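Novice:
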Amino acid sequence: MITLASDFGTPYPAAMKGVLLQRTDARLVDVAHDFPRQNVRTTAFWLGEVLPYFPPATHLVVVDPGVGTDRNAIVVRAGDHTLVGPDNGVLLPAARRLAGDAGRLEHYLIDEDGLGPIEPTTNQSEPDSRGQHLPQGRSKTFHGRDVFAPAAAAVHDIGIETLESLEWLESTTVDVDLKLPTATLEDERAVGEVLAVDGFGNVITNVPGSALEDRARVRANGEPVPVGETFAAVSVGERLVTVGSHGYAELDVNQGRGDEAFGLQPGDRVVLEPVPSGDG
Amino acid sequence: MITLASDFGTPYPAAMKGVLLQRTDARLVDVAHDFPRQNVRTTAFWLGEVLPYFPPATHLVVVDPGVGTDRNAIVVRAGDHTLVGPDNGVLLPAARRLAGDAGRLEHYLIDEDGLGPIEPTTNQSEPDSRGQHLPQGRSKTFHGRDVFAPAAAAVHDIGIETLESLEWLESTTVDVDLKLPTATLEDERAVGEVLAVDGFGNVITNVPGSALEDRARVRANGEPVPVGETFAAVSVGERLVTVGSHGYAELDVNQGRGDEAFGLQPGDRVVLEPVPSGDG
Amino acid sequence: MITLASDFGTPYPAAMKGVLLQRTDARLVDVAHDFPRQNVRTTAFWLGEVLPYFPPATHLVVVDPGVGTDRNAIVVRAGDHTLVGPDNGVLLPAARRLAGDAGRLEHYLIDEDGLGPIEPTTNQSEPDSRGQHLPQGRSKTFHGRDVFAPAAAAVHDIGIETLESLEWLESTTVDVDLKLPTATLEDERAVGEVLAVDGFGNVITNVPGSALEDRARVRANGEPVPVGETFAAVSVGERLVTVGSHGYAELDVNQGRGDEAFGLQPGDRVVLEPVPSGDG
Numbered sequence: 373m374i375t376l377a378s379d380f381g382t383p384y385p386a387a388m389k390g391v392l393l394q395r396t397d398a399r400l401v402d403v404a405h406d407f408p409r410q411n412v413r414t415t416a417f418w419l420g421e422v423l424p425y426f427p428p429a430t431h432l433v434v435v436d437p438g439v440g441t442d443r444n445a446i447v448v449r450a451g452d453h454t455l456v457g458p459d460n461g462v463l464l465p466a467a468r469r470l471a472g473d474a475g476r477l478e479h480y481l482i483d484e485d486g487l488g489p490i491e492p493t494t495n496q497s498e499p500d501s502r503g504q505h506l507p508q509g510r511s512k513t514f515h516g517r518d519v520f521a522p523a524a525a526a527v528h529d530i531g532i533e534t535l536e537s538l539e540w541l542e543s544t545t546v547d548v549d550l551k552l553p554t555a556t557l558e559d560e561r562a563v564g565e566v567l568a569v570d571g572f573g574n575v576i577t578n579v580p581g582s583a584l585e586d587r588a589r590v591r592a593n594g595e596p597v598p599v600g601e602t603f604a605a606v607s608v609g610e611r612l613v614t615v616g617s618h619g620y621a622e623l624d625v626n627q628g629r630g631d632e633a634f635g636l637q638p639g640d641r642v643v644l645e646p647v648p649s650g651d652g
Numbered sequence: 373m374i375t376l377a378s379d380f381g382t383p384y385p386a387a388m389k390g391v392l393l394q395r396t397d398a399r400l401v402d403v404a405h406d407f408p409r410q411n412v413r414t415t416a417f418w419l420g421e422v423l424p425y426f427p428p429a430t431h432l433v434v435v436d437p438g439v440g441t442d443r444n445a446i447v448v449r450a451g452d453h454t455l456v457g458p459d460n461g462v463l464l465p466a467a468r469r470l471a472g473d474a475g476r477l478e479h480y481l482i483d484e485d486g487l488g489p490i491e492p493t494t495n496q497s498e499p500d501s502r503g504q505h506l507p508q509g510r511s512k513t514f515h516g517r518d519v520f521a522p523a524a525a526a527v528h529d530i531g532i533e534t535l536e537s538l539e540w541l542e543s544t545t546v547d548v549d550l551k552l553p554t555a556t557l558e559d560e561r562a563v564g565e566v567l568a569v570d571g572f573g574n575v576i577t578n579v580p581g582s583a584l585e586d587r588a589r590v591r592a593n594g595e596p597v598p599v600g601e602t603f604a605a606v607s608v609g610e611r612l613v614t615v616g617s618h619g620y621a622e623l624d625v626n627q628g629r630g631d632e633a634f635g636l637q638p639g640d641r642v643v644l645e646p647v648p649s650g651d652g
Numbered sequence: 373m374i375t376l377a378s379d380f381g382t383p384y385p386a387a388m389k390g391v392l393l394q395r396t397d398a399r400l401v402d403v404a405h406d407f408p409r410q411n412v413r414t415t416a417f418w419l420g421e422v423l424p425y426f427p428p429a430t431h432l433v434v435v436d437p438g439v440g441t442d443r444n445a446i447v448v449r450a451g452d453h454t455l456v457g458p459d460n461g462v463l464l465p466a467a468r469r470l471a472g473d474a475g476r477l478e479h480y481l482i483d484e485d486g487l488g489p490i491e492p493t494t495n496q497s498e499p500d501s502r503g504q505h506l507p508q509g510r511s512k513t514f515h516g517r518d519v520f521a522p523a524a525a526a527v528h529d530i531g532i533e534t535l536e537s538l539e540w541l542e543s544t545t546v547d548v549d550l551k552l553p554t555a556t557l558e559d560e561r562a563v564g565e566v567l568a569v570d571g572f573g574n575v576i577t578n579v580p581g582s583a584l585e586d587r588a589r590v591r592a593n594g595e596p597v598p599v600g601e602t603f604a605a606v607s608v609g610e611r612l613v614t615v616g617s618h619g620y621a622e623l624d625v626n627q628g629r630g631d632e633a634f635g636l637q638p639g640d641r642v643v644l645e646p647v648p649s650g651d652g
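Protein chains in written order, with the numbering used here: chain E, 373 to 652; chain B, 373 to 652; chain H, 373 to 652.
(1) Can you tell me whether G581/E is buried or exposed? The criterion is at least 16 other CB atoms within 10 Å of its CB, across all chains shown.
(2) In the DSSP assignment, what residue or residues form a beta bridge with G516/H?
(3) Report the residues of the region 383-394 of chain B with a CB closer than 8 Å to any CB of chain H, ordered along the chain.
(4) Is it buried or exposed for Q637/B, if we count other Cβ within 10 angstroms and need 16 for buried?
(5) Pairing CB atoms from the region 598-609 of chain H with CB atoms from the region 433-447 of chain E, are three or more of them under 8 Å?
(6) Quick one: is G438/H near chain B, going by C-beta distance under 8 Å?
(7) Specify the secondary structure class of D402/H as computed by DSSP and reduced to three states.
(8) Buried or exposed: where does H618/B fall if 16 or more other Cβ atoms within 10 Å of its Cβ makes it buried?
(9) Helix, strand or coil for S582/E per DSSP?
(10) Classify V527/H as helix, strand or coil using the three-state DSSP reduction.
(11) Take every Cβ of the region 444-453 of chain H, pair it with every Cβ of the region 466-476 of chain H, and state whether three or more of those distances are shorter than 8 Å.
(12) Whole angstroms are fine: how far does the CA of E645/E sit from the CA of A592/E?
(13) Measure from the alpha carbon of V422/E to the alpha carbon of each residue in A429/B, D518/B, I374/B, L464/B, then state which is nearest.
(14) According to DSSP, is S607/B part of a helix, a strand, or is it coil?
(15) Taking beta-carbon pairs under 9 Å, can you tell me which members of the region 420-446 of chain H lie near chain C?
(16) Along chain B, in chain order, which residues have C-beta atoms closer than 8 Å to that of E601/E?
(17) For the region 612-636 of chain E, which residues have a CB atom closer than 9 Å to at least one CB atom of chain B, in sequence order?
(18) Of the residues K512/E, I532/E, E542/E, E622/E, which one's Cα is nearest the Cα of G564/E?
(19) Just verifying my parser: in three-state terms, what is the DSSP assignment at I532/H?
(20) Is the shortest distance between the beta-carbon of V462/H and the beta-carbons of chain E less than 8 Å?
(21) Is S501/B helix, strand or coil when you go by DSSP?
(22) Is there contact between the region 521-537 of chain H and the region 545-558 of chain H, where contact requires at least three CB pairs shorter than 8 Å?
(23) What residue range does the alpha helix (DSSP H) around T415/B cover?
(24) V575/E by DSSP, collapsed to three states: which one?
(25) Could you work out which residues of chain B lie near D549/E, taking near to mean beta carbons separated by less than 7 Å?
(26) In angstroms, rounded to a whole number, what distance separates the CA positions of A555/B and G381/H?
(27) Which residue marks the beginning of the alpha helix (DSSP H) containing P385/E, and which one marks its end?
(28) Within the continuous beta strand (DSSP E) that includes P598/E, where are the two ends?
(29) Hey, out of A416/B, V643/B, A404/B, whose CA is closest to E560/B's CA?
(30) Give the single residue among N574/B, F417/B, G635/B, G420/B whose Cα lies nearest to the Cα of Q627/B.
(31) To the nearest angstrom, how far is the alpha carbon of G503/H from that of L557/B?
(32) Quick one: give me the first and last residue of the alpha helix (DSSP H) that R469/H is part of.
(33) Take V615/B as the anchor and find which of P428/B, G594/B, P598/B has the nearest alpha-carbon.
(34) For P492/H, would you say it is in contact with chain B, using Cβ-to-Cβ distances shorter than 8 Å as the test?
(35) Report yes if the C-beta distance between L625/H and G639/H is below 8 Å; otherwise report no.
(36) Verify the CB distance criterion: does H479/E have a CB-CB separation below 8 Å to chain B?
Next comes the structure, spelled out in structure tokens:
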């Protein structure tokens, strides 16, 4: 099984799928192709939340603002999973979770020249009616198609235990070991930040849900807000703080958009603290 | 085969797919994940139009504004198909069509505690660098991943004829039996409403297409509009009333947006009546 | 393998998939369903760039502003691939590339009446609670479901070498043989146009990338712009001209939107010429 994640929208992921399917019979599963453009950190957060629910697989990830520069292309072996993508940190938070505290976490550098050429299905000896061939060789701007997809197909088919037999892989250490920020918890005050906003507008922070235990209300960035176990704990359109499905404190609105109601975006600071007696 | 439908956008459906693929080798087919957020009725309409074109399958549907409340999780056996989702009515219009007038239509309550835990692929004995584990046990806010996906995988794999052997299913009656509104037809006047607007902006009503038979023009909410068999029956940018692919009267614009031209949204009232002689 | 491409958004492609899966076990792969609505030319461009990366397959394409009119439904045999869609030109640029200069390029007319009926999974002898049946027979407005999907399933399953055994196919010539416009190259001046804007906002022209060779800067519609091999050749937010992954000159912004920075849309004229000495 190969999963695919990118910030490509469409139709570029289809070119990656074509390249994969030229090389492998693996099942292909889309994670998402609408991750925020060139946003390595938010993509890394989501992958860490989603990939651990998959059975052992090869995860192809292309959020790659440095495409074509000297940033490396890497493969990570993390427990029973492999990840393939750029060495910009996007793979690491998910890889650490997939490895767990007992599993292996090993990094390999892809030698792009060793991968061999991409061969589109065309036998043109002459330029076509538009005066040109399909590009031959690797592009500088679409390594998802020209580097990561062929690498992922080969990694999948060779099998996780025999990665070393791929001649174009060599053991390495990563240049960028992204760690997502952690919240600070002091007395009953949590200071964290927004990691992501989901499609419903739910504001996902890095404050562990345990910070909400046994509380009926908290002050969120200064304003008292009810704590609820479910969206329906408050009326439609009302704000609440809840523990999201990933285990973090979320600032939400029942059937509305938390990001708009709280005025928060990824990267913004969030302070959750007790409601003073007499307040709220 | 398991189909998936939700209002989740991305990447939440990927977490459901991971949970499914941990449990089953079934083919997965997306119906849509951009149904209008928390809109049970419009989703129910679309499912009724789309699912009957599938071969026998398990249909996983999660549009669930009441997630985490005491609304039930159910399985519906409808003819040769099964549907899995919340007991909020979203499954029922499609289920009635899949059953037809001769087929079985049976409802089962899911005992969530009997389903067993969701186990993400991680072996962490200690919290990770963000100070926490992946959540253990069922979340209160993502039953698509934690209840409906594992139920759908089990329902698929056990087979439609032996659902009763799943110990966590018991026969029930539904709490919410959603019926989509019907239009009234009186003399030559049809009074209905907008069921949905599609991505092209076509305004889909609940007025049967037969109400347009043998008419060259109708008055739509008071204004005379040509009746056409195809969009191209009128010039580009012009309005028309046609019979859509689902068999209902649609208010459209050739290569434009009917919702904007007619000023109509789901739930709005639509009156189609003959054009008085001398008018239009 | 059957690929699917359309301008349908959701959930209409799911109805096509249901019809396909009623008839075939083929792997289904989405190319994209958000091609610009009714835009035959831009879709044709993208298909020509993406489909040649696939292994031999049946490609189902439905961008069809003339649905229900007397435009024909066709099958194209192009090298080792087949394409199924409307005779409006959308298949042809991709088909020519898939055929190459040595391969066969043959066209077949679909006799829609020979295809047989679409049978949704319902056994209703009476109209349902909404007073009607699912539509019987072919719709006038959704040939993706009612004509092209059943044709693609049959074309896939019969096999590319025995298409002629399908009684509802007959050899034909196409009505619309779309050719994408070519740029003119004169001395060192290239005059072309915008073929597409991708999701990143990159402006894809029809000027061959070779026109940028050995240049550090060009004048793009009068303004001097650096030529770079990668987006990162310029600072974040800066404009550049580069050779895109399809081999054409692209007008881009590093981590920004080229279409907005250059004020360009599909169909707009683009002139690339040398920077006069002393300029820029």
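For each residue, glycine too, the CB sits at the ideal point set by N, CA and C.
A quick note: this is a predicted structure, and the numbers were derived from the prediction, not measured.
Specialist: So, to answer that:
(1) buried
(2) Looking at the DSSP assignment, G516/H forms no beta bridge with any residue, so it has no partner.
(3) none
(4) exposed
(5) yes
(6) yes
(7) Note: D402/H maps to strand in three-state DSSP.
(8) buried
(9) Three-state DSSP puts S582/E in a helix.
(10) helix
(11) yes
(12) Whole-angstrom Cα-Cα distance: 7 Å.
(13) D518/B
(14) S607/B falls in the coil class under three-state DSSP.
(15) No chain C appears in the structure shown, which is made up of the protein chains E, B and H.
(16) Neighbours of E601/E on chain B, chain order: G440, K512.
(17) T614, V615, G616, S617, H618, G619, Y620, E622, D624, N626, Q627
(18) E622/E
(19) helix
(20) no
(21) Reliability fails at S501/B, whose pLDDT of 45 lies under 50, so the model's placement of it is uncertain and the value that follows must be treated cautiously. If DSSP states are grouped into helix, strand and coil, S501/B belongs with coil.
(22) no
(23) 412-422
(24) strand
(25) Neighbours of D549/E on chain B: none; closest Cβ ~11 Å, over 7 Å.
(26) Cα atoms of A555/B and G381/H: separation of roughly 27 Å, rounded to the nearest angstrom.
(27) For P385/E, the enclosing alpha helix (DSSP H) begins and ends at 384-395.
(28) Secondary structure note for P598/E: its beta strand (DSSP E) is the uninterrupted segment 595-598.
(29) When only C-alpha atoms are compared, the closest one is V643/B.
(30) N574/B
(31) At G503/H, the pLDDT of 42 sits below 50, so the modelled position is not reliable; the number obtained from the coordinates is stated separately. Take the alpha-carbon of G503/H and the one of L557/B: they are about 10 Å apart.
(32) 464-471
(33) Nearest neighbour of V615/B by Cα position, chosen from P428/B, G594/B, P598/B, turns out to be P598/B.
(34) By the rule that beta-carbons nearer than 8 Å mark a contact, P492/H touches chain B.
(35) Note that residue 625/H is Val in the sequence shown here, rather than Leu. Contact: no.
(36) no
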